[in-house]
Amino acid sequence: MEIDTARVKPIEALAGPAPRTKTSKASEDDRVALIRAPRVETNKGRNPHSRLYIRGVLHSHPFSIAIGALITLVIMVMLPTGIISAALLLLSSEMPEKFEWVPKWLLVFPLSLPILGLIYLIWGARGSCRICGQKLFVPRMCLKNTKAHHIRGLGHIVPLCFHILLFKWFRCTYCGTPVRLKK
Numbered sequence: 410m411e412i413d414t415a416r417v418k419p420i421e422a423l424a425g426p427a428p429r430t431k432t433s434k435a436s437e438d439d440r441v442a443l444i445r446a447p448r449v450e451t452n453k454g455r456n457p458h459s460r461l462y463i464r465g466v467l468h469s470h471p472f473s474i475a476i477g478a479l480i481t482l483v484i485m486v487m488l489p490t491g492i493i494s495a496a497l498l499l500l501s502s503e504m505p506e507k508f509e510w511v512p513k514w515l516l517v518f519p520l521s522l523p524i525l526g527l528i529y530l531i532w533g534a535r536g537s538c539r540i541c542g543q544k545l546f547v548p549r550m551c552l553k554n555t556k557a558h559h560i561r562g563l564g565h566i567v568p569l570c571f572h573i574l575l576f577k578w579f580r581c582t583y584c585g586t587p588v589r590l591k592k
């Protein structure tokens, strides 16, 4: 095996500054502008004070945030349903004379909890704010931003999930920055 010395560059040829790559300024400006503000046609004809008005910086993973919001809502409904149906099924097997009305198909709810929990760990627990990096769908006992989506009695996570799914943008619960999922 021989090395072709004609193809080897001398060190002096590499001593100068590295050559710059050519990029078009227009495409870079368009990309940065899209990250900072939505397209004009996205909000055409909408009132800027409406919740339907898409605002904020563009999230880097909008699909996973939307899936995380949906899974979080599903698991918040399925967790109490699964626990109650498991208790009813247990009572119907222990006392069949009093709980004969409990249908056997309720077994679906407790059996679906591990699968939904795994899906929540994949999409729900990984969903984070683009600006501050805090987890959006994980409950934390800390001071939240005053502009965060909140409904008394439901907390911050459920209103955040509904807002993401209905309006395609949200305010981060922790930093308050508006983040949009739509270009």
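So the sequence shown is numbered by my numbering: it starts at 410 and just counts up by one. A virtual CB, placed ideally from N, CA and C, is assigned to each residue, including glycine. Values in this document were obtained by computation on a predicted structure and should not be read as measured data.
**Prompt:** What residue ranges within the segment 468 to 506 form continuous alpha helix (DSSP H) runs of no fewer than 4 residues, ordered along the chain?
**Reply:** The segment 468 to 506 contains these whole alpha helix (DSSP H) runs: 471 to 503.
**Asked** Hey, quick one: how far does the alpha helix (DSSP H) through VAL588 stretch, first residue to last?
**Response** No alpha helix (DSSP H) holds VAL588; the beta strand (DSSP E) holding it covers 587 to 589.
**Item:** Terminal residues of the beta strand (DSSP E) in which PHE546 lies
**Value:** Run containing PHE546: none; DSSP gives neither H nor E here.
**Message:** Going by DSSP, what residue range makes up the alpha helix (DSSP H) through PHE571?
**Reply:** First-last of the alpha helix (DSSP H) with PHE571: 566 to 576.
**Buried or exposed (CB count within 10 angstroms, at least 16 for buried), ILE480** = So ILE480 ends up on the buried side.
**Prompt:** In this structure, does DSSP put PHE579 in helix, strand or coil?
**Reply:** Strand, per DSSP.
**Asked** Which same chain residues, not among the five before or five after GLY477, have their C-beta less than 6 Å away from its C-beta?
**Response** Excluding residues within five positions, the ones whose Cβ falls inside 6 Å are TRP532, GLY533, GLY536 and PHE546.
**Asked** In three-state DSSP terms, what is VAL517?
**Response** If DSSP states are grouped into helix, strand and coil, VAL517 belongs with the helices.
**Asked** Taking LEU384 as the reference, which of ALA475, GLY425, HIS559 and ALA495 has the closest Cα?
**Response** Outside the displayed range of the chain (410 to 592) lies residue 384, so it cannot be described from this structure.
**Within 8 Å, strictly: CB atoms of VAL483 and LEU525** = A distance below 8 Å separates the beta carbons of VAL483 and LEU525.
**Item:** Three-state secondary structure assigned by DSSP to VAL449
**Value:** VAL449: helix per DSSP, three-state reduction.
**Prompt:** Under 8 Å between the Cβ atoms of ILE463 and ARG589?
**Reply:** For ILE463 and ARG589, yes; Cβs fall inside 8 Å.
**Request:** Indicate whether PHE518 and MET487 have their beta-carbon atoms separated by less than 8 Å.
**Result:** Yes, these two residues count as a Cβ contact at 8 Å.
**Prompt:** Under 8 Å, do LYS553 and ARG580 count as touching if we go by C-beta distance?
**Reply:** Not a contact, by the Cβ cut-off of 8 Å.
**Prompt:** Per DSSP, VAL466 is paired with what?
**Reply:** In DSSP, VAL466 forms a bridge with VAL588.
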